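Working notes, structure below.
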Amino acid sequence: LFSWLVENMAPESVTDVLWLCLDYPAHGALAAASVCRDAAEEYQSRGGSYGETMVSQRLLKRANRFEAMAIRLLQGLDRVDPLEYVFRRSWRWGNHHLISLAHHLECKEFVSQHFYNSAVDLLWVTPTPF
Numbered sequence: 001l002f003s004w005l006v007e008n009m010a011p012e013s014v015t016d017v018l019w020l021c022l023d024y025p026a027h028g029a030l031a032a033a034s035v036c037r038d039a040a041e042e043y044q045s046r047g048g049s050y051g052e053t054m055v056s057q058r059l060l061k062r063a064n065r066f067e068a069m070a071i072r073l074l075q076g077l078d079r080v081d082p083l084e085y086v087f088r089r090s091w092r093w094g095n096h097h098l099i100s101l102a103h104h105l106e107c108k109e110f111v112s113q114h115f116y117n118s119a120v121d122l123l124w125v126t127p128t129p130f
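The opening position of the sequence shown corresponds to residue 1 in the numbering used here, with each subsequent residue numbered one higher.
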């Protein structure tokens, strides 16, 4: 339902409420960012009209917003170590942990964060850290 709402450009207030209910909100935010970027690319590839260009720009803004939500979520974790959270796999998201999902979805801002780099360093040292 969440992905469908994002794809169909439901109001942000609606997607935000549903996003807060996800079992894996960071995974969902990265997936939503990818969906928005893919849709924006589709609008741009049409060679389109002014209206399509505006929709594409709105979608790119939403993509950046969703990615920023995932980043803020991980930066704001109090009770859970962000590195431990990064390695949690979700069967709903293709059994990906956040490292593999962010890499697969090409979420460049997310992978440039300190917690991501620390997690990758930890992964190199210990193949199954958690």
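Glycine is no exception: its CB is placed at the ideal position from the N, C-alpha and C atoms. Note that the structure is predicted; figures quoted are calculated from it, not measured.
Would you kindly check if the distance between the Cβ of residue j and the Cβ of residue i is under 9 angstroms?
i, j, result
"A40", "A63", "yes"
"F66", "A102", "no"
"G47", "S56", "no"
"R92", "D16", "no"
Roughly how far, in whole angstroms, is the beta-carbon of residue i from the beta-carbon of residue j, given that I think they are within contact range, below 8 angstroms?
i, j, result
"L105", "S45", "Not quite, the Cβ-Cβ distance comes to about 19 angstroms (not below 8 angstroms), so this is no contact."
"A70", "A29", "4 angstroms"
"L59", "Y85", "Not confirmed; about 28 angstroms, so no contact."
"N95", "R88", "N95 to R88, Cβ: 11 angstroms. No contact."
Buried or exposed: which applies to residue i, given that a residue is buried once 16 or more other Cβ atoms fall within 10 Å of its Cβ?
i, result
"C21", "exposed"
"R37", "buried"
"V131", "The question about residue 131 has no answer here: the residues shown for the chain are numbered 1 through 130."
What residues are listed by DSSP as bridge partners for residue i?
i, result
"S90", "H96"
Let me check understanding here. Comparing Cα to Cα, which of the options lies closest to residue i?
i, options, result
"I99", "G76, E42, A26, M69", "A26"
"V111", "A68, K61, W19, Q57", "A68"
"Q75", "H114, T53, R92", "H114"
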